[in-house]
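**Student:**
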Amino acid sequence: MTSITDREPSGPQEQSAPEGAHSKGYDALAASPRLFESDLLDKLSRVHHLTPPLVYGPIVLWLIAYASGFESAGEILLALVIGYIAWTLTEYFGHRFLFHTVFPLPFGLGPRFQFLIHGVHHIYPSDPLRLVMPPLLSAPIILIALAVIRLVFGPAFAWPVLAGFIAGYILYDSVHYWTHHGQPKTKLGHLVRRLHMLHHFRDAERGFGVHAIWWDYVFGTNYEKGQTPGTKAV
């Protein structure tokens, strides 16, 4: 297996959000390069940043309401916390060992697979329509999580745990979009954005927690104090 940084990018690099990205006249589609000849595949590869909360938010609320029929409020709260923590670990390890690894797949498909699930984001880091996961990627992750959660916690407690897991995912993708196109107003906001920009413009082998930044300190992949983003995407 090789890391994403062991290969050369297969396209032009973008240094920052396009000028005027926060103005009303900004055309997100024009800032999103075409990846596929097929119109359908190319359309499916682009996702509006509000898609995760709009698609999965109602599911989270339904899971909590459903669980309230057989779990106490305290049990549901505990399950939500467990699910959220499970997501933050998935965020960190998935980013580090899935998104940043080129697997030796048959027919030489490893680089293509890695490019499609994450490499494209490092080549076009500010593409506004490829900053959150397409449902075609997030849905299988959630289904796998459901299977594991049911195996560990049983069928009843699994539902509110899954709600916490999905809520964590929504927060992750929302924060991820914001780190590229938002304007931080707090010290924490500036820190989260700076750490993610270091990941894109300094060292892609560190800073795997996007919103769950504490795991980088736990697992030794944090940046040194005083490091600043460069001017070239990595």
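Per the numbering used here, the sequence shown starts with residue 1, numbered consecutively. For glycine and all other residues, C-beta sits at the position ideal for the given N, C-alpha and C.
#1: If you follow the alpha helix (DSSP H) that glutamate 37 is part of, which residue opens it and which one closes it?
#2: Rounded to a whole number of angstroms, what is the C-alpha to C-alpha distance between alanine 65 and alanine 73?
#3: Closer than 8 Å by C-beta to isoleucine 117: which residues in its own chain qualify, once you throw out the five before and the five after it? Chain order, please.
#4: Taking contact to mean at least 3 C-beta pairs separated by less than 8 Å, is the stretch 83-91 in contact with the stretch 207-215?
#5: Pull up the distance between the alpha-carbon of arginine 206 and that of glutamine 227, whole angstroms please.
#6: Look up arginine 206 in the DSSP assignment and say whether it is helix, strand or coil.
#7: Return the chain-ordered list of same chain residues with a C-beta closer than 7 Å to the C-beta of asparagine 222, the five sequence neighbours on each side being excluded.
#8: Determine the direct distance from the alpha carbon of proline 128 to that of histidine 181, and round the result to whole angstroms.
#9: Identify every run of the alpha helix (DSSP H) within the stretch 156-205, keeping only runs that are complete inside it and at least 4 residues long; order them along the chain.
#10: Just mark alanine 147 as buried or exposed, buried being the case when its beta carbon has 16 or more other beta carbons within 10 Å.
**Tutor:** Taking the coordinates as given:
#1: Residue numbering aside, residue 37 sits at position 37 when the sequence shown is read from its first letter. Looking at the DSSP string, glutamate 37 is not in any alpha helix (DSSP H), and its letter there is neither H nor E.
#2: In the sequence shown, the residue the question calls residue 65 occupies position 65. In the sequence shown, the residue the question calls residue 73 occupies position 73. If I take the Cα positions, the gap works out to 11 Å.
#3: On the sequence shown, residue 117 is found 117 positions in, with the first residue counted as 1. Excluding positions up to five away in sequence, the list reads Leu98, Phe99, Leu137.
#4: yes
#5: Here residue 206 refers to the residue found at position 206 of the sequence shown. Here residue 227 refers to the residue found at position 227 of the sequence shown. Taken atom to atom, the span from the alpha-carbon of arginine 206 to that of glutamine 227 is near 12 Å.
#6: Taking the first residue of the sequence shown as 1, we reach residue 206 at position 206. Three-state result, arginine 206: coil.
#7: Taking the sequence shown and counting its residues from 1, one reaches residue 222 at position 222. The answer, listed in chain order, is Arg206, Asp216.
#8: By 1-based counting over the sequence shown, the position of residue 181 is 181. By 1-based counting over the sequence shown, the position of residue 128 is 128. Cα atoms of histidine 181 and proline 128: separation of roughly 8 Å, rounded to the nearest angstrom.
#9: 187-201
#10: Walking along the sequence shown from the start, residue 147 turns up at place 147. Residue environment analysis places alanine 147 among the exposed positions, since fewer than 16 neighbouring C-beta atoms fall within 10 angstroms of its C-beta.
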